[in-house]
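Just so you know, we're using the working numbering here: the sequence shown kicks off at 10 and counts up by one. Positions of the beta carbon are idealized from the N, C-alpha and C atoms, including for glycine. In what follows, a structure is listed as structure tokens, so that the remarks can point back to it.
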Amino acid sequence: MSEAQIGLVAFALIATLAAPFAASRRWLHPHWLLLAGAAIVIALRLANIPQIWFSGSVSGFAVAIATIAAAFAGRTPNEQSIRMPFLLGFGITMFALNIASHV
């Protein structure tokens, strides 16, 4: 693993923890979570990890669709306001990258 890959994966892990936490404490507006979810997927794609998620395979589309579906699974309005933009940003970006691999 190169230093760039380690940095991108570290960014993805930290952003996955920090963005929803900051939004739950009202330090980050929930609309920024959409961008945070997209940034995490882009960082993983640039690091080329995991490769199957972005190859346009059934697995890649399944992960993207499952993530988009999970965005609508919030029970309370507060949970929904954090979950929906974060997972939608993640899932839609992953779906778009899977489509782009076929172009």
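TODO: Compute the beta-carbon to beta-carbon distance between V72 and M103, rounded to the nearest angstrom, for a pair I have assumed lies under 8 Å.
DONE: The count along the sequence shown starts at 1 and reaches residue 72 at position 63. The count along the sequence shown starts at 1 and reaches residue 103 at position 94. Indeed, because the Cβ distance is near 6 Å, the residues count as touching under 8 Å.
- [ ] Below 8 Å on the Cβ atoms is my guess for A56 versus L96; work out the distance and round it to an integer in Å.
- [x] Here residue 56 refers to the residue found at position 47 when the sequence shown is read from its first residue. Here residue 96 refers to the residue found at position 87 when the sequence shown is read from its first residue. No, A56 and L96 are not in contact; Cβ-Cβ is about 20 Å, not under 8 Å.
Task: Residue span of the alpha helix (DSSP H) that contains F20, given as start and end - done: In the sequence shown, residue 20 corresponds to position 11, counting from 1. Here the alpha helix (DSSP H) through F20 covers E12 to S33.
- [ ] For T25, I'd like the list of residues in its chain whose CB is within less than 7 Å of its CB, leaving aside the five on either flank, ordered along the chain.
- [x] Start at 1 with the first residue of the sequence shown, and residue 25 comes out as number 16. These residues qualify, in order along the chain: I49.
- [ ] Look at the alpha carbon of I51 and the alpha carbon of P59, and state the distance between them as a whole number of angstroms.
- [x] Locating residue 51 in the sequence shown gives position 42, where the first residue counts as 1. Locating residue 59 in the sequence shown gives position 50, where the first residue counts as 1. Going from the Cα of I51 to the Cα of P59 covers about 12 Å.
Open item on the list: Cutting at 7 Å between CB atoms, please list the residues of its own chain near F63, excluding the five before and the five after it.
Closed with: Taking the first residue of the sequence shown as 1, we reach residue 63 at position 54. R54, G69, L106, N107 and S110, listed in sequence order.
Task: Cα-Cα separation between R34 and A28, rounded to whole angstroms - done: The residue labelled residue 34 in the question sits at position 25 within the sequence shown. The residue labelled residue 28 in the question sits at position 19 within the sequence shown. The alpha-carbon atoms of R34 and A28 are separated by roughly 10 Å.
- [ ] Could you check the C-alpha separation between A79 and F20 for me, to the nearest Å?
- [x] Here the question's residue 79 lines up with position 70 in the sequence shown. Here the question's residue 20 lines up with position 11 in the sequence shown. Their Cα atoms are separated by approximately 23 Å.
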